[in-house]
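If you count the sequence shown from 1, you need to add 587 to reach the working numbering. One structure below.
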Amino acid sequence: MPILLALVGATGIGKSRLSLEIAERHNAQIIGVDSRQVYRGFAIGTAQPSPQDLAKVPHHMVNFLDPAQVYSAGNFCADVKNILKSNPDQNYLLVGGTGLYLQSLMLGLPQIPKIDSLIRESLEAEVAKSGTDSLFKMAKQADPEAVQNVEPNNVQRIVRILEVWQGTGRKLSEWQKERVGGIGTLPVYWLNRNRENLYARIDARVDQMMADGWMDEVRSLAQTVPESAPAWQSLGYRELLHAQSVHEIENVLDLVKRKTRNYAKRQLTWFRRQVNATEVNLDDLQKDIIDKLI
588 MPILLALVGA TGIGKSRLSL EIAERHNAQI IGVDSRQVYR GFAIGTAQPS
638 PQDLAKVPHH MVNFLDPAQV YSAGNFCADV KNILKSNPDQ NYLLVGGTGL
688 YLQSLMLGLP QIPKIDSLIR ESLEAEVAKS GTDSLFKMAK QADPEAVQNV
738 EPNNVQRIVR ILEVWQGTGR KLSEWQKERV GGIGTLPVYW LNRNRENLYA
788 RIDARVDQMM ADGWMDEVRS LAQTVPESAP AWQSLGYREL LHAQSVHEIE
838 NVLDLVKRKT RNYAKRQLTW FRRQVNATEV NLDDLQKDII DKLI
């Protein structure tokens, strides 16, 4: 039987390194489970696999999507099913931090009826006029469970929560409990670390992103990708785009570190509560951990 398992965890936890070791040892390919790494060109700030990593192990679902396109859990599930179907004897590791994608793949998608497009257009017009703050507050009131792991600047998710509420009279979190079309449960390993170590890793990674040329990447993307493109919602990109001075850039990096730490905390809470998984603390990693996971 081919191997198919998932390694999940918060951003910066160490998923990439461990998954590469497992993939090389067991001739597996990696399927990314990350809603931000899908966008083409947005590589450094979303911590996409490096060219060296891509040369070691084939990766799917990273750096392939036009930055102007919206990508949903439904799109992800369809694409992953096609990958698995095209090579059923191949070993695969599902690796990432977007829990909604993995949950949807295993359990299936909620059967939400088609919603009047005027509702979405009205919500998007409100975002364009006033920003996301008021809509984020509305979403928290309408469906606090669905908002738990959503960044306040994630326009796509906020609008989706509100359009479902307004268009169906039911919460998105309620619809998500009624699912069809999943591939079934998989072995899932939830990677964890001591909190202070995780936060230190996150801060160091943001600094490394800048050293690797994140600012240059942002400026280059600005030449060809309109600011309205969904890819710009990835944390730090739009903020760096508008930073003019060294002082403003430093402030943006401090903001990115703080927001990433907060996001990681929410991810840890989500994986702890929403996915039936085996916890692996990477700070207590034993040498034989890879063999234990397979």
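Yeah, the Cβ is synthetic: ideal placement off N, Cα and C, and Gly gets one too.
Item: Return the bridge partner residues of E761 from the DSSP annotation.; Value: According to DSSP, which records beta bridges pairwise, E761 is partnered with nothing at all.
Item: Would you list the residues sitting across from R766 in a DSSP beta bridge?; Value: P697
Item: Rank K643, I748 and L594 by C-alpha distance to the C-alpha of D621 and give the top, closest one.; Value: L594
Item: Span of the beta strand (DSSP E) holding I617?; Value: A615 to G619
Item: Compare the C-alpha of A864 against each of M693, K643 and G769 and name the closest.; Value: M693
Item: In chain order, what residues of the same chain lie with their CB nearer than 8 Å to the CB of D703, ignoring the 5 residues before and after it?; Value: G754
Item: Beta-carbon within less than 6 Å of G768's beta-carbon, same chain only, minus the 5 sequence neighbours each way: which residues are those?; Value: G695 and L696
Item: Start and end of the alpha helix (DSSP H) containing G596?; Value: Segment L591 to G596 is the beta strand (DSSP E) holding G596; no alpha helix (DSSP H) there.
Item: Name the residue from I609, Q635, A712 and C664 whose alpha carbon lies nearest to the alpha carbon of N678.; Value: I609
Item: Using C-beta distances below 7 Å, list every residue in its chain close to S606, excluding the 5 sequence neighbours before and after it, in chain order.; Value: L594, I617, L680 and V682
Item: Could you spell out where the alpha helix (DSSP H) holding L808 opens and where it closes?; Value: W801 to A809
Item: Taking only runs of the beta strand (DSSP E) that begin and end inside the segment 637-689, which ones reach a length of at least 3 residues, in chain order?; Value: 678-683
Item: So what's A837 in DSSP terms, helix, strand or just coil?; Value: The sequence given here has Glu at residue 837, not Ala. E837: helix per DSSP, three-state reduction.
Item: By DSSP's criteria, T865 is part of a beta bridge. Which residues make up the other side?; Value: Y776
Item: Would you report the Cα separation of P817 and A655, rounded to the nearest angstrom?; Value: 6 Å
Item: Can you name the start and end residues of the alpha helix (DSSP H) that T755 belongs to?; Value: V742 to T755
Item: CB S821 to CB G632, shorter than 8 Å?; Value: yes
Item: If R792 and A634 are in contact, beta carbons under 8 Å, what's the gap, nearest whole angstrom?; Value: 7 Å
Item: Please classify M648 as buried or exposed, where buried requires at least 16 neighbouring CB atoms within 10 angstroms.; Value: buried
Item: Just how far apart, CA to CA, sit G684 and Q854?; Value: 7 Å
Item: Run through the DSSP bridge pairs and tell me what Y786 is partnered with.; Value: Y786 pairs with nothing; no bridge assigned.
Item: In whole angstroms, what is the alpha-carbon distance linking L749 and Y626?; Value: 25 Å
Item: Less than 7 Å separating the Cβ of Q763 from some heavy atom of the ligand MG?; Value: Absence of the ligand MG is noted for the structure shown, with no ligands found whatsoever.
Item: DSSP puts Y626 in a beta bridge; with which residues?; Value: L652
Item: So, with DSSP's three-state summary, where would you put E738?; Value: coil
Item: Below 8 Å on the Cβ atoms is my contact criterion, and I expect E814 with R825 to pass it. Report the Cβ-Cβ distance as a whole number of Å.; Value: 7 Å
Item: Give every residue of the same chain whose Cβ lies closer than 8 Å to the Cβ of I789, excluding the five residues on either side of it in the sequence, and list them in chain order.; Value: T598, G599, K844, T847, R848 and A851
Item: I'd like the list of long-range same chain contacts for R623, defined as Cβ closer than 6 Å, with 5 residues on each side in sequence excluded.; Value: T633 and S821
Item: Roughly how many angstroms separate the alpha carbons of G601 and V737, rounded to a whole number?; Value: 22 Å
Item: What residues in its chain sit with their C-beta under 8 Å from that of V812, if we drop five residues either side in the sequence?; Value: G628, P654, A655, A818 and W819
Item: Tell me whether the beta-carbon of P636 lies closer than 8 Å to the beta-carbon of H646.; Value: yes
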